[in-house]
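> I'd like to ask some things about the structure below.
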Amino acid sequence: MLIEGVRMKKLLHIIATPRGEESRTLRVTEVFLQEFAEKHADWVVEELDLSKEQLPSLTLKRVDGKYLLLSEKDLNGELKEAWQEIIVQIERFMSADAYLISTPMWNFSIPYTLKHYIDVILQPKYLFRYTASGAEGLVKNKKMAIITSRGGDYTDAMRGADFQEPYLRSVFGFVGITGVTFINAQPMDMGETLQAQKIKEAQARAKEVAALFVSV
Ligand SMILES: Cc1cc2nc3c(=O)[nH]c(=O)nc-3n(C[C@H](O)[C@H](O)[C@H](O)COP(=O)(O)O)c2cc1C
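Going left to right, the sequence shown walks through residues 79 to 294 as our numbering numbers them.
Printed below as a string of structure tokens:
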């Protein structure tokens, strides 16, 4: 994007909670975005709210397209047509210079809207490719911050039940995003005092991360 002849870089903010004003995750995100805007005047933030977005279903035809790409052929005819909405989402994702994801933990992992989004964009030829020496991620030199909130506390005894952070690290690492920073607010549903304290702690960390996020 060009503003007065200067190329603005883009942070794509992907929102995976439907709770809007009620969201604890977004209370942490707010602080991140405020600090980010103050420290990075040459960046714009684009919002992708997954509970408002009409993502394409992965129908048989669209999945056939994926296998065609995996066999290193190009999409054409009906399959190309069926893939248009997927390409729109991929291009939007790839047009960003960095990413911020705001997501609650749902059933030890991520909400289905975020899983749907990942299933849509994570496509061969676009986000990764297989080579003789293994898979190669095609999303190069881009950073990602992920802000989560969880009802319980997964820092200690419950650590093994956290399928959210390891899953997201694997998925985005696979496509080449290795610099992923997590800010986890937890526990959110074990009393109001603890919730308030942990949101405050996560906000302080969000401020720190946002200040340095794309500069180092
Ligand atoms: C469908 C659903 C599933 C949830 N599953 C978990 C879970 O597995 N573990 C957990 O600690 N909290 C779970 N929670 C609680 C949320 O992670 C927690 O309340 C979080 O702070 C909500 O974030 P939000 O206000 O940004 O939506 C779940 C909440 C919902 C609505």
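Backbone N, C-alpha and C define an ideal beta-carbon position, used for all residues, glycine too. Keep in mind it's a predicted model, so treat the numbers as computed, not measured.
#1: Are there any heavy atoms of ligand 1 lying less than 7 angstroms away from the beta-carbon of S173, as far as the coordinates show?
#2: In chain order, what residues of the same chain lie with their CB nearer than 6 angstroms to the CB of L147, ignoring the 5 residues before and after it?
#3: Please check the pair T209 and L192, which I expect to be a contact at CB under 8 angstroms, by giving their CB distance rounded to whole angstroms.
#4: Using the Cα positions of R228 and K151, report the straight-line distance between them to the nearest angstrom.
#5: Quick one: is the Cβ of S129 within less than 7 angstroms of any heavy atom of ligand 1?
#6: Count the other CB atoms, across all protein chains shown, that sit within 10 Å of the CB of F189; report buried if there are 16 or more and exposed otherwise.
#7: According to DSSP, is F252 part of a helix, a strand, or is it coil?
#8: For K139, which three-state DSSP category applies?
#9: Could you compute how far the alpha carbon of E124 sits from the alpha carbon of R237?
#10: Using the C-alpha atoms, what's the distance from F241 back to S248?
#11: Give me the residue from P96, I196, E163 with the minimum Cα distance to G251.
Taking the coordinates as given:
#1: Judged by the Cβ position, S173 fails to qualify as a neighbour of ligand 1 at the 7 angstroms threshold, every heavy atom of the ligand being at least this far.
#2: Only residues of its own chain outside the window of five on either side were considered, and among them P202, K203 have a CB closer than 6 angstroms to the CB of L147, listed in chain order.
#3: At roughly 28 angstroms, the Cβ-Cβ gap does not stay under 8 angstroms, so T209 and L192 are not in contact.
#4: Taking the straight line joining both Cα atoms gives about 42 angstroms.
#5: No.
#6: Position check: residue 189 holds Pro in this sequence, whereas Phe was assumed. The residue is buried, with at least 16 neighbouring Cβ atoms inside 10 Å.
#7: Three-state DSSP puts F252 in a helix.
#8: DSSP places K139 in the helix class (H, G or I) of the three-state scheme.
#9: Going by the C-alpha atoms only, they are around 33 angstroms apart.
#10: Cα to Cα, the separation comes out at about 11 angstroms.
#11: Taking each of P96, I196, E163 in turn and checking the Cα distance to G251, the smallest one comes out for I196.
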